[in-house]
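Below you'll find the structure, written out as structure tokens, and then a few comments.
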Amino acid sequence: MAELAFFTGTMDCGKSTLALQMDHNHRARGRHGLVFTSRDRAGEATVSSRLGLQREALEVHEELDFFAMVVTEASKGRPVHYLICDEAQFYTAAQVEQLARLVDELEIDVFAFGITADFRAELFPGSKRLLELADRTQLLQVEALCWCGRRATHNARVVDGHMVLEGDQVAVGDVADGTERSPVVEYEVLCRRHFMRRMTSHVAQVSSPEGELLPFDLDVCAVPPTR
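This is the structure we're talking about:
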């Protein structure tokens, strides 16, 4: 039976790598599938892994209707057996419902991959709907690690070395207004303890350049000014 499966975890846990591997495995068995992505780090219409693997994909925009696209493919003599949906956290709730409909009405397997929560530890709309509708949600077992060595559970947005909790839910580049140098916007995975204390690897290094900082040292976990 077809299923809607959601594979999730923090950044750096191998989601895109698994997506590419699953597509390879299904194609090797003669199945025809479509691969989708949204706002990949390597650019539009690309699924890329931090290990260096990548392949072309279909870019998901808000107006895309998954159900209509698959029906169109079938009408042209190209039946679809499965979908690989990377960066699914960026999909709309309506698009996730379309994916569920493909599973229920057309018996097409849908494998979705994405992070659940944003830099504020709040659910993305796409991930929220996937958690509500998926037949199976699987937390990937390749654990990303916080700078302290513990399992990372949160995705932090870091601007010039300091964690921020304000701003647009999606930010992938320069956030400067043109009046000053562009701040460096990055993302870092943290354990809950250091996410709650806003303690990035940069803050830890500055606070203890000799590497003697204990993960539980509260004196150096002062909250930086809000950006």
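Quick note on full-length UniProt numbering: the sequence shown kicks off at 1 and runs consecutively. Idealized CB from N, CA, C, for every residue including glycine.
Every alpha helix (DSSP H) of 4 residues or more that sits fully in the segment 130 to 203 is shown, in chain order, as 192 to 196. Nearest C-alpha to D65 among L53, L99, H26, A112: L99. Assignment of F66 by DSSP, reduced to helix, strand and coil, places it in the helix class. For S16, there is no enclosing beta strand (DSSP E); the residue is found in the alpha helix (DSSP H) stretching over 15 to 28.
Under the three-state reduction of DSSP, G126 is assigned to helix. C-alpha of I108 to C-alpha of E186: approximately 36 Å in a straight line. Take the alpha-carbon of S75 and the one of A68: they are about 10 Å apart. With fewer than 16 other Cβ atoms inside 10 Å of its own Cβ, A42 counts as exposed. Around the beta-carbon of H32, fewer than 16 other beta-carbon atoms lie within 10 Å, marking it exposed.
In the three-state reduction of the DSSP assignment, S48 falls in the strand class.
For D104, the uninterrupted alpha helix (DSSP H) run begins and ends at 93 to 106, by DSSP. For W147, the CB contacts under 7 Å within the same chain, skipping 5 residues up- and downstream, are S201, A204 in chain order. Taking the Cβ atoms as the reference, F119 lies roughly 18 Å from R151, outside the contact range of under 8 Å. Cβ contact annotation for V70 (same chain, cutoff 8 Å, sequence separation greater than five): L34, V80, L83, L102, L106, I108, in chain order. Beta-bridge partners assigned by DSSP to Q89: none are found.
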